[in-house]
Amino acid sequence: MSRLVVVSNRVADPRRTAAGGLAVALADVLNSTGGLWFGWSGRIVEAAAGGKPGEGAMHTQQAGPVKLVTVDLCRQDHDEFYVGYSNGVLWPVFHYRLDLADFDAGYIAGYRRVNQLFARKLQPQLRPDDIIWIHDYHLIPLAAELRALGCTNRIGFFLHIPLPPPLILAAIPGHDWLIRALFAYDVVGFQSQADHGHFCRYIETEAHAQNLGDGRWRAFNRTVHAGAFPIGIDVEEFNALVQAPDGRDMYERMQQEYARRKLLIGVDRLDYSKGLPQRMRSFRDLLQRYPETRNSATLIQIASPSREDVSAYTDILHELETLCGSINGNYGELEWMPVRYIHRTVARSRLPGLYRASRVALVTPLRDGMNLVAKEFVASQDPQDPGVLVLSRFAGAAEQLTDALLVNPYDVEGTANAIHLALQMPVEERRARHQGLMANVRDYDVHWWCDSFLECLEKAKAEETGTPWLRL
Ligand code: ADQ
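Numbering (this note's numbering), first residue to last: 1 to 472.
Rendered as structure tokens:
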């Protein structure tokens, strides 16, 4: 197999499994092909220290057989590319939150500048038969910038977040430019059929793309293959973590502490897409309308700090703190607090034990590309006495995990009813549902995701060789 070159905003050492996520997913294939992983170093260079827009020092490090190459960003590039355009425009709009998008025209120049910088730094590192896999919304125009420098390698793109319907996408000034940039790729992958459907509708109606069948589309003088490749988890890794000392210790301590009560768990990044205030309101409604749950159910909500330099994030933090405080104030008793809210990241090694000790998981985002917490919870359960997954129909995972209790998180009362059902569910039904969920989580694990995407990219014929890329 050709060498794999992975590009993502952040780079992790694939030898450290504690890194989780993409690092675990890609470790096998990066290691076996002696791959290269390229991205931002995480370093911001102030102007006073010589940081200049469109420039950045490059660092190279060897992690076993894998080469890690990273680039620094100057303050202005970081603020415009990362905070401004990626997280201030693309993240909210792609999560259907036009009200939170900051369409400041200046940001797009920074977004483009950093993609050009990445292309300039990456291009000399490439070998002719490398396969390039670019990840996520920060780097949509990267393939187009590489093509403009003469790169003819096969390039794939995977979007980890949702793609909204055409009319929402069309609210972004320059949306046509963004989507046209996707045609510089050979394969474009989405998390769900819904997202893939939005892409097809957009390119048919707005770009008049020609449907060549078999997932292939022709527009802008190029052919692209588009499809849904729902990301999964490493089930073996989770099994091992459940049995490891940290996992067992966590499980036993939680079992002891909550022997008389049922534990509900929420694990999220503190982000407005995760529906945390709505979840708290549903839990409050549960306590109010089902008095038997008082003193018998405890919700542990772990919300890891995220992008605290963006004001929408501080707003959500305050709203959540106020809600948790008022629930505990109104319903708490000397020996029982309904909500334990923890504003920290929990070590990955402890999560499986916590999931396994919980009777119910609340995974109720307002919109989510996939949501891996839902799959991690399922994989951590004891099949003889499994917990119940309450899952938002707006998470990408809901397309696959149909044996969960699917809810509409905007419907406070309906979600509270589902939580009540979950708390009371007899063991036979819990087992049957878990069996269905587990089969899906196992069949469509992270290795399936990686293999099926790369297989599609390998197959993508070099139909475009010789066709000049029309500059953006
Ligand atoms: P995220 O929005 O970060 O990722 P998610 O899939 O829920 O969302 O979580 C990714 C990982 O972070 C999981 O392994 C989870 O265990 C961990 N995590 C989350 N909160 C944590 C916490 N408080 N403490 C410790 N660990 C925590 C984006 C998209 C998702 C998509 C993923 C992968 O937004 O929709 O599922 O990428 O493609």
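Built from N, CA and C at the ideal position, the CB exists for glycine as well.
Being a predicted model, the structure only gives us computed values, none of them experimental.
Residue i versus residue j - alpha carbon distance
| i | j | result |
| --- | --- | --- |
| F238 | L299 | 23 Å |
| M438 | L167 | 36 Å |
| Y85 | Y111 | 6 Å |
| H343 | L90 | 25 Å |
| K52 | V114 | 11 Å |
| A148 | L36 | 21 Å |
| S282 | V346 | 24 Å |
| R253 | T293 | 22 Å |
| H434 | G150 | 50 Å |
| S32 | Y137 | 27 Å |
| L68 | Q288 | 53 Å |
| A416 | Y202 | 36 Å |
| L22 | A170 | 30 Å |
| N9 | H135 | 8 Å |
| P128 | L263 | 54 Å |
| S326 | G332 | 9 Å |
| D214 | H198 | 17 Å |
| P14 | G414 | 42 Å |
| I445 | R279 | In the sequence as presented, Ile is not what sits at residue 445; that position holds Asp. Rounded to the nearest angstrom, the two C-alpha atoms are 28 Å apart. |
| V373 | S304 | 13 Å |
| S2 | D130 | 6 Å |
| G329 | L286 | 16 Å |
| W448 | N295 | 43 Å |
| R348 | F220 | 44 Å |
Distance cut-off 7 Å: residue i Cβ against heavy atoms of the ligand ADQ
| i | result |
| --- | --- |
| M58 | no |
| A228 | no |
| R294 | no |
| S304 | yes |
| V267 | yes |
| E252 | no |
| R348 | yes |
| M370 | yes |
| T364 | no |
| L351 | yes |
| V373 | yes |
| G332 | no |
| I168 | no |
| I419 | no |
| H196 | no |
| H160 | yes |
| I134 | no |
| E321 | no |
| G174 | no |
| I487 | Because residue 487 is not part of the residues shown, which for the chain are 1 to 472, the question remains open. |
| G396 | yes |
| E376 | yes |
| P345 | The question names Pro, yet the displayed sequence has Thr at residue 345. Correct: T345 has its Cβ closer than 7 Å to the ligand ADQ. |
| I44 | no |
| I231 | yes |
Residue from the options with nearest C-alpha to residue i
| i | options | result |
| --- | --- | --- |
| G436 | L401, Y444, L421 and N115 | L401 |
| I419 | T205, I265 and E335 | I265 |
| Q381 | L354, G369, L30 and M370 | L354 |
| V310 | E80, R281, R3 and N371 | E80 |
| K121 | I134, T293 and L146 | L146 |
| V187 | N9, H447 and R154 | R154 |
| E257 | D13, G215, E429 and W336 | W336 |
| T60 | G88, A12, L22 and V83 | A12 |
| R307 | R15, R3 and G88 | G88 |
| V45 | L26, D72 and Y107 | D72 |
| R260 | Q210, S358, Y341 and Y272 | S358 |
| R498 | L100, G42 and G64 | Any answer about residue 498 is impossible in this case: the structure gives the chain only from 1 up to 472. |
| Y341 | L320, D411 and A144 | L320 |
| D246 | A57, P352, C324 and A209 | P352 |
| A432 | M370, E376 and G387 | G387 |
| F394 | D195, H447 and L126 | D195 |
| A63 | G39, G34 and I231 | G34 |
| R442 | L98, L139, T70 and P230 | P230 |
| Q123 | H175, G106 and M58 | M58 |
| A101 | L159, P173 and F190 | P173 |
| D411 | H208, S392, L457 and L30 | S392 |
| S192 | W217, F38, H208 and F158 | F158 |
| I233 | L26, G56 and Y107 | L26 |
Exercise. Is the stretch 350-368 touching the stretch 398-410 in the sense that three or more CB pairs, one from each, lie closer than 8 Å?
Worked result: yes
For this session: Decide if the stretch 217-235 is in contact with the stretch 179-190; the criterion is three or more beta carbon pairs, one per stretch, under 8 Å apart.
Result: Flag = yes, the stretch 217-235 and the stretch 179-190 touch.
Exercise. When the Cβ atoms of the stretch 304-319 are set against those of the stretch 448-458, are three or more pairs found closer than 8 Å?
Worked result: no
Problem set entry | Any 3 or more C-beta pairs closer than 8 Å across the stretch 157-164 and the stretch 94-108 | yes
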